[in-house]
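Each protein sequence line maps, in turn, to chains A and B. Here the first sequence stands for residues 1 to 349, numbered as in the UniProt record's numbering. Here the second sequence stands for residues 1 to 349, numbered as in the UniProt record's numbering. See structure below.
2 protein chains.
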Amino acid sequence: MVDDQPPLPPTLADVAELAGVSRQTVSNAINSPALLRPETLARVQHAIEALGYAPNRAARHLRTGSSRLIGLRMSPAQEFTADATMDRFVHALVEASREAGYHVLLFSGGPVVAGERPDLLAGYDALLRSTAVDAFIVTDTYLGNPQASWLAERRAPFVAFGRPWDDETSGHPWVDVDGAAGTRLATEHLLERGHQRIAWLGWREDSRLGEDRRAGWEQAMAARGLATDGLAVRVEDTLDAGWTASAALLDTAAPTAFVCASDTLAIGVLHTLVARGLRAGPDVGVVGFDDSQVAQVVPPGLTSVRPPLEQVAVELVRALRRLLAHEPHQAEGVLLTPTLAVRGSTARG
Amino acid sequence: MVDDQPPLPPTLADVAELAGVSRQTVSNAINSPALLRPETLARVQHAIEALGYAPNRAARHLRTGSSRLIGLRMSPAQEFTADATMDRFVHALVEASREAGYHVLLFSGGPVVAGERPDLLAGYDALLRSTAVDAFIVTDTYLGNPQASWLAERRAPFVAFGRPWDDETSGHPWVDVDGAAGTRLATEHLLERGHQRIAWLGWREDSRLGEDRRAGWEQAMAARGLATDGLAVRVEDTLDAGWTASAALLDTAAPTAFVCASDTLAIGVLHTLVARGLRAGPDVGVVGFDDSQVAQVVPPGLTSVRPPLEQVAVELVRALRRLLAHEPHQAEGVLLTPTLAVRGSTARG
DNA sequence: GCGTCGAATTCGATCGATCAAGTCGCGAGG
DNA sequence: CCTCGCGACTTGATCGATCGAATTCGACGC
């Protein structure tokens, strides 16, 4: 087989020669077309077209200092619990970035050594030092995660998906989903369908995210003057925990519906119902949180709070561009309201 | 707020000065340490450490022509059917790339204009022209997809996840999962559990991927001398199609088990069973394909063929490195054998 | 003592773009 | 008539690394 190399892409100089102008003029034709006489502009554009020219990203990056790349860390599989949301989010982010002229660079947190706490920062550090990306999107803003403060210390540009729970004064831009509004929506939906004894199945008390979501349920119940005593349980975010806890709750408090902090927990409830011969929907209402792929396909369809990830992505990129342009950002961040995807698990007979 | 910029990262020259050597020596310390005298090497490394130096990627890219970036196209949500596999694959790819010193750059296929067929190639073209990535991983190798041949024409380096179904002589490296082996495994598993009338629920006949998977079922049945007449149905890859088709099949052929071409179809079968008051597992065995997140959590757990995506990613990156090093590659590609994730849907009472 | 060889290190040019500072031509203003 | 200003375009330097070739240095043989 002949080892024929791909043809070398044309450079600015090639275009300049063909159009009979200087390099800088071609550069201007691309970056500030208003500077050129219409006639010259047309000639240059024609040459660009003819050669199929596109600026070399490396050269541009070197000179301008901007790679037009946004770094996103993939959380390793271990941390990966109910986060089936990630895929939809990555999609949305790639799309929003593209519209702003950016690409998404994925990286991981370095090798996971058994028995050692993985170094969450290694990946960020390497990319930062080598000026590989213009900015980061940080997604794991749970309590005690050092990423945000570490990045802020280094003055690295980043935007967080998730509120800075641990530090109200951190002052970096963020975008988040209003969890309380979501569960309020879920609870009101169940109330409308005639449920009164609506249980909360959530996470441990030290999860700010979980407590935020719980608050929405609490508020909606309180607004109707309904008691919540004995109707709330807090467990780990696993299928089994949801299974066990919902079974216990059915025995002790006889709820007719469950609002859950995650789809994972909600699926656990569905397991319990299947095991007891109860029908999700007609017999017991169930609402999850995340609107994961699972919610869409599990029989009979899981009603779930749907985070507006497309909007989140757009807002994140918007905040990023402001940040990179050194425009001041809203200190308060952006809070977006989820919707409710209604399915069989809240249908009445 | 003071607009304090992040400190400028140190350059090669800074390190050289601190270590009292020339720039080139520092470069050698990084790229060919064997060239240096141990004592000099130590001095340079110390300086690198002290300054926290990492080579500027843009400069390196410009000079060497290699960005150490692998391009991966996110298929738009529309094309996204049962492909919940994507997330696991992306994870695996990021990890395998990292180990080889690469990062993954995500892009999308350009704006989806209503009424127009999206241009699958636009994204590839732009990245290729601007020399933004060293190579591509192509994932949608279904029949009639122009990506592979288009890239090959331009001599763009790429490796395919998926066999070149439409062109046996295409000659580019590829890695794929042996679908027939997977369904053979699934069928044998059901046979061992005592099933005899095992149905096939698959895709349309023009899907080579689907026919490959179907062949495995056929082979396993034939090996036991079992008839397959009337036990195979081919439908679209949707939940509803799986639901409807499995219901019809139960009525006409009374199978005791289903092997499905996808988890989506298998979940459709589960719906049918729920609707009829049949228990997945004890009453009717069901096996899916993909081992998606859904399979893991849907009650009572869906037994599913699990593609070895981590292995796939490793082989893809391996092939890519060979390709970029201009080493000859196996014309035949790499075919990997899936495993079977056994869960409740094939448990016997 | 001198030439030779190879290991270790240095020097200058270069990748392809943009920045900063020019040059050129032309028309208006003094 | 000359200058000034301004629009349109050009020129040389630069970003930070690596490539290719040149240079220094010490050891060794004769």
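We put the beta carbon where it would ideally sit given N, CA and C, even for glycine.
Interface residues of chain A facing residue i [CB-CB closer than 7 Å]
| i | result |
| --- | --- |
| H172 of chain B | The contacting residues do not exist; H172 of chain B stays about 12 Å from chain A at best. |
| L62 of chain B | A58, A59, L62 |
| L6 of chain B | It is worth fixing the name first, because residue 6 of chain B is Pro in this sequence and not Leu. Result: R154, R155, A156. |
| V286 of chain B | Within chain A, no residue comes near V286 of chain B; the closest Cβ sits about 12 Å away, beyond 7 Å. |
Chain-ordered chain B contacts of residue i [CB-CB under 7 Å]
| i | result |
| --- | --- |
| L239 of chain A | V297 |
| D87 of chain A | M86, D87 |
| S108 of chain A | V94, E95, R98 |
| N56 of chain A | S130, T131 |
| Q147 of chain A | Within chain B, no residue comes near Q147 of chain A; the closest Cβ sits about 16 Å away, beyond 7 Å. |
Opening and closing residue of the beta strand (DSSP E) in which residue i lies
| i | result |
| --- | --- |
| G257 of chain B | The identity of residue 257 of chain B in the sequence shown is Ala, whereas the question assumes Gly. A257 of chain B -> beta strand (DSSP E) spans 257 to 260. |
| S108 of chain A | 103 to 108 |
| R73 of chain A | 69 to 74 |
| L335 of chain A | 334 to 336 |
Best match in the options for proximity to residue i [C-alpha to C-alpha]
| i | options | result |
| --- | --- | --- |
| Y124 of chain B | B:R213, B:S207, B:P157 | B:P157 |
| S67 of chain A | A:V44, A:R37, A:M74, A:A58 | A:A58 |
| L106 of chain A | A:R98, A:L121, A:A96, A:V90 | A:V90 |
| G188 of chain B | B:A132, B:V259, B:L250, B:W243 | Here the sequence assigns Glu to residue 188 of chain B, which means Gly is not the residue at that position. Out of B:A132, B:V259, B:L250, B:W243, B:V259 has the C-alpha closest to the C-alpha of E188 of chain B. |
| A29 of chain B | B:S170, B:Y53, B:R208 | B:Y53 |
| Y142 of chain A | A:N56, A:G268, A:R163 | A:R163 |
| G288 of chain A | A:G277, A:A280, A:R279, A:L302 | A:L302 |
| T339 of chain A | A:R43, A:A181, A:L316, A:R73 | A:A181 |
| E95 of chain B | B:L18, B:W243, B:V314, B:D291 | B:V314 |
| A13 of chain A | A:G344, A:L51, A:H103 | A:L51 |
| V159 of chain B | B:E211, B:G144, B:D176, B:D166 | B:D176 |
| A241 of chain B | B:R73, B:E17, B:L36, B:D263 | B:D263 |
| G144 of chain A | A:R43, A:D237, A:D206 | A:D206 |
| E49 of chain A | A:T11, A:A248, A:E99 | A:T11 |
| L72 of chain A | A:L93, A:I137, A:P38, A:L18 | A:I137 |
| V269 of chain B | B:T244, B:S130, B:A223 | B:T244 |
| R306 of chain A | A:P6, A:R343, A:P146, A:R37 | A:R343 |
| R348 of chain B | B:P308, B:A222, B:R193, B:A341 | B:R193 |
| V334 of chain A | A:V274, A:L8, A:D178 | A:D178 |
The alpha helix (DSSP H) enclosing residue i, as first and last residue numbers
| i | result |
| --- | --- |
| T339 of chain A | Segment 339 to 341 is the beta strand (DSSP E) holding T339 of chain A; no alpha helix (DSSP H) there. |
| L93 of chain A | 85 to 99 |
Contacts that residue i makes with chain B (C-beta to C-beta distance below 8 Å)
| i | result |
| --- | --- |
| G52 of chain A | R129 |
| I267 of chain A | V297, V298, P299 |
| V15 of chain A | In chain order: nothing, as chain B lies at least about 12 Å away. |
Beta-carbon neighbours of residue i, restricted to chain A and to distances below 8 Å
| i | result |
| --- | --- |
| L270 of chain B | P299 |
| L105 of chain B | L69, H103, V104, L105, L106 |
| Q311 of chain B | Chain A residues near Q311 of chain B: none, gap ~15 Å exceeds 8 Å. |
| residue 408 of chain B | Because residue 408 of chain B is not part of the residues shown, which for chain B are 1 to 349, the question remains open. |
Partners in chain A for residue i, counting only beta-carbon separations shorter than 9 Å
| i | result |
| --- | --- |
| P282 of chain B | Within 9 Å Cβ-Cβ: nothing; P282 of chain B doesn't reach chain A, min ~13 Å. |
| A126 of chain B | A54 |
| P9 of chain B | L128, R129, S130, T131 |
Beta-carbon neighbours of residue i, restricted to chain B and to distances below 9 Å
| i | result |
| --- | --- |
| T264 of chain A | V297 |
| V233 of chain A | Result: empty, since nearest Cβ-Cβ is about 19 Å, beyond 9 Å. |
| V305 of chain A | Within 9 Å Cβ-Cβ: nothing; V305 of chain A doesn't reach chain B, min ~17 Å. |
| residue 351 of chain A | Since the first residue of chain A shown is 1 and the last is 349, residue 351 of chain A is not available in this structure. |
message = To test your reading of the DSSP string, which unbroken beta strand (DSSP E) runs of 3 or more residues are found completely within the segment 129 to 178 of chain B?
response = 135 to 138, 158 to 161, 174 to 177
Beta strand (DSSP E) runs wholly inside the segment 177 to 210 of chain A, at least 3 long, in chain order: 198 to 203
Ranges of the alpha helix (DSSP H) found wholly within the segment 253 to 310 of chain B, counting only runs of at least 4 = 263 to 276, 293 to 297
Task: Every unbroken alpha helix (DSSP H) within the UniProt domain "HTH lacI-type" (10 to 64) of chain A, with a cutoff of 4 residues, ordered by chain - done: As for any alpha helix (DSSP H) of minimum length 4 sitting wholly inside the UniProt domain "HTH lacI-type" (10 to 64) of chain A, the runs are 12 to 19, 23 to 31, 38 to 51, 57 to 64, ordered along the chain.
My parser needs the beta strand (DSSP E) runs of 3 or more residues fully inside the segment 225 to 253 of chain B; what are they? Fully contained in the segment 225 to 253 of chain B are the following beta strand (DSSP E) runs of length 3 or more, in chain order: 232 to 235.
Would the segment 321 to 341 of chain B count as touching the segment 287 to 302 of chain A if we require 3 or more Cβ pairs under 8 Å?
no
Inspect the CB distances between the segment 230 to 237 of chain A and the segment 200 to 215 of chain A and report whether three or more fall short of 8 Å. yes
*asked:* Using a Cβ distance threshold of 8 Å, determine whether the segment 146 to 154 of chain A contacts the segment 178 to 186 of chain A, with at least three qualifying pairs required.
replied: Inter-segment contact for the segment 146 to 154 of chain A and the segment 178 to 186 of chain A is absent: fewer than three beta-carbon pairs are separated by less than 8 Å.
Cβ contact (3+ pairs, closer than 8 Å) linking the segment 279 to 293 of chain B and the segment 248 to 268 of chain A: no
Using 8 Å as the cut-off, can you tell me whether the segment 16 to 29 of chain B makes contact with the segment 207 to 215 of chain A, which would need three or more C-beta pairs spanning the two stretches below that distance?
Remark: fewer than three beta-carbon pairs, one from each stretch, lie closer than 8 Å, so the segment 16 to 29 of chain B and the segment 207 to 215 of chain A are not flagged as touching.
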